[in-house]
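*Asks:*
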Amino acid sequence: MNIGLASIVANLLLNLSLLTLLIFVAFAMLRSRHLFAVVMLSGIYSLLSAAFLVALDAVDVAFTEAAVGAGISTVLMLAGMLLTARREKPVTPKRAPIAFAVVAVVGALLVYATIDMPAFGDPDSPANSTIGKEYVERTPKEIAIPNVVTATLASYRGFDTLGETMVIFTAGVAVILLLGVGSVRGGRDVKDAPETRGENDARKGGA
Amino acid sequence: MEHLILRVITKMFFAPIILFALYVQFHGDYGAGGGFQAGVIFAVAFILYALCFGLDATKKVLPQGVLIVCMVIGLMFYAGTGVATMLLGGNLLSYDQIDPDSTHHAGQHWGIFLVELGVGIAVASTMLTIFYHFAGREPEIDDEDW
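Residue numbers (the numbering used here), protein chains in the order written: chain B, 1 to 207; chain W, 208 to 353.
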């Protein structure tokens with residue numbers, strides 16, 4: 001067995017195990033009614049996707065996924081979970097043949113669509129041959145920094161990134177408007193109404 | 208004192224996390240990462256502190272009023288860089304105008320540095336703002352919830 005074949009087999013095994021773990025974690029999240037476990041599993045899911053993105057050589061995306069998906073989102077979900085009950089209400093599973101048929105057909109169509117997708121790393125694929133190739137070729141001459149991702153995000157697509165920053169800013173403003181009562185300088189404490197508070201405690205006790 | 212190990216470890220890790228955030232921020236031109244990731248890591252250091260020492264102790268270091276100002280400053284840093292290049296005679300965000308005579312595109316380096324700094328400040332303060340507002344609705348995390 002030569003080195004090329006060995007590395008292909010190693011890559012295949014790594015990708016297969018990561019994707020299998022992703023599927024298992026997703027099903028565990030579906031099955032669990034314990035919200036704390038679901039939040040932790042979603043963090044694990046993000047970390048696994050980050051590992052998979054590293055295997056695909058997309059380190060910048062993996063970095064973001066690890067920091068935002070596994071870090072911030074988990075903490076925010078945890079903080080959100082503290083405001084509600086610890087357990088999801090048990091639901092009796094009902095048969096919904098139309099919904100199942102729609103899901104099955106859409107899933108089959110998506111699988112069918114992947115057949116037409118270019119192979120991973122194909123140099124002739126649209127992502128690698130048109131504007132992406134142009135950025136990779138022009139960055140050393142026009143921007144002169146080693147990281148093409150940064151050059152694309154901050155310089156070639158600087159206007160898009162300005163829009164993204166505005167989206168984040170808007171999200172922060174929206175959270176302040178929805179959850180922050182009072183002035184920005186301290187303000188008064190937010191307290192739930194007494195009756196809802198008692199209900200919450202009763203649910204906690206029952207959990 | 209409760210959660211002594213957690214508190215000691217948090218104090219130990221706080222400074223290295225901030226240092227790593229600054230590394231990611233200013234090394235984005237050369238390696239993975241950039242302003243967005245750096246801002247998130249910076250916010251995570253304070254969130255970790257808030258989880259162990261409480262929200263009130265964290266708000267003494269970084270009050271909500273400061274964060275709101277930082278959100279605006281970050282966005283204005285980015286937009287301001289773009290407007291500055293316009294005032295220098297180029298298009299919006301055409302960084303070459305910052306140093307047009309440079310032979311190694313120093314203007315691009317400066318422009319990317321400035322906008323990434325703006326993104327970092329905006330993201331860090333926004334993430335902390337969102338966390339403050341979610342966590343501020345529950346006074347303390349109960350021991351049984353850990």
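Where is the CB? At the ideal position from N, CA and C, for every residue including glycine.
(1) Of all the options Thr-74(B), Ala-151(B) and Val-102(B), which has the alpha carbon lying nearest to the alpha carbon of Tyr-237(W)?
(2) Could you pull out every unbroken beta strand (DSSP E) segment of at least 3 residues lying fully inside the segment 78-135 of chain B, listed in chain order?
(3) Between which two residues does the alpha helix (DSSP H) containing Pro-223(W) stretch?
(4) Under the rule that 16 or more other beta-carbon atoms within 10 Å means buried, what is Asp-116(B), buried or exposed?
(5) Tyr-339(W) by DSSP, collapsed to three states: which one?
(6) Return no unless some Cβ of chain B is closer than 8 Å to the Cβ of Leu-300(W).
(7) Report yes or no: do the segment 211-224 of chain W and the segment 295-303 of chain W share at least 3 C-beta pairs separated by less than 8 Å?
(8) Please name the residue in Glu-65(B), Thr-20(B) and Leu-78(B) whose C-alpha comes closest to that of Ala-37(B).
(9) What residues in its chain sit with their C-beta under 8 Å from that of Tyr-135(B), if we drop five residues either side in the sequence?
(10) Buried or exposed: Leu-109(B), going by 16 or more other Cβ atoms within 10 Å of its Cβ?
(11) With distance defined between alpha-carbon atoms, name the residue in Asp-124(B), Leu-76(B), Ala-62(B) and Val-25(B) nearest to Val-175(B).
(12) Along chain W, in chain order, which residues have C-beta atoms closer than 9 Å to that of Thr-74(B)?
(13) On the criterion of 16 or more Cβ atoms from any shown chain inside 10 Å, does Lys-266(W) qualify as buried, or is it exposed?
(14) Hey, is the segment 239-255 of chain W in contact with the segment 214-225 of chain W, meaning 3+ C-beta pairs nearer than 8 Å?
(15) At the level of alpha carbons, what is the spacing between Val-231(W) and Gly-241(W)?
(16) Distance cutoff 8 Å, beta carbons only. Does Leu-295(W) sit that close to anything in chain B?
(17) Based on DSSP bridge pairs, tell me the residues matched to His-34(B).
(18) Whose Cβ in chain W lies nearer than 9 Å to the Cβ of Asn-11(B)?
(19) Please confirm whether Thr-130(B) has its beta-carbon closer than 8 Å to some beta-carbon of chain W.
(20) Does the beta-carbon distance from Val-247(W) to Gly-43(B) come in below 8 Å?
(21) On the three-pair Cβ rule with 8 Å, is the segment 307-327 of chain W touching the segment 288-296 of chain W?
*Replies:* From the atom records:
(1) The closest CA to that of Tyr-237(W), considering only Thr-74(B), Ala-151(B) and Val-102(B), is found on Ala-151(B).
(2) None, since the segment 78-135 of chain B contains no complete beta strand (DSSP E) of that length.
(3) Pro-223(W) -> alpha helix (DSSP H) spans 211-233.
(4) Result: exposed.
(5) It is helical.
(6) It does: the Cβ of Leu-300(W) has a partner Cβ on chain B nearer than 8 Å.
(7) Result no; under three Cβ-Cβ pairs closer than 8 Å.
(8) Of the listed residues, the one whose Cα sits closest to Ala-37(B) is Leu-78(B).
(9) Closer than 8 Å at the Cβ level, and outside the excluded window around Tyr-135(B), lie Val-148, Ala-151, Thr-152 and Tyr-156.
(10) Classification of Leu-109(B): exposed, given that the 10 Å Cβ count is below 16.
(11) Looking at the Cα atoms, Leu-76(B) is the closest of the given residues.
(12) Those do not exist, as Thr-74(B) stays about 10 Å from chain W at its closest Cβ, beyond 9 Å.
(13) By the neighbour-count rule (16 or more Cβ atoms within 10 Å), Lys-266(W) is buried.
(14) Three or more Cβ pairs drawn from the segment 239-255 of chain W and the segment 214-225 of chain W lie within less than 8 Å of each other, which places the two stretches in contact.
(15) Going from the Cα of Val-231(W) to the Cα of Gly-241(W) covers about 6 Å.
(16) Not closer than 8 Å to any Cβ of chain B, the Cβ of Leu-295(W) fails to qualify, so no.
(17) DSSP lists Arg-87(B) as partners of His-34(B).
(18) Chain W residues near Asn-11(B): none, gap ~20 Å exceeds 9 Å.
(19) It does not; no Cβ of chain W falls within 8 Å.
(20) Against a cut-off of 8 Å, the Cβ pair of Gly-43(B) and Val-247(W) comes out as no contact.
(21) Cβ pair count under 8 Å is three or more, so yes.
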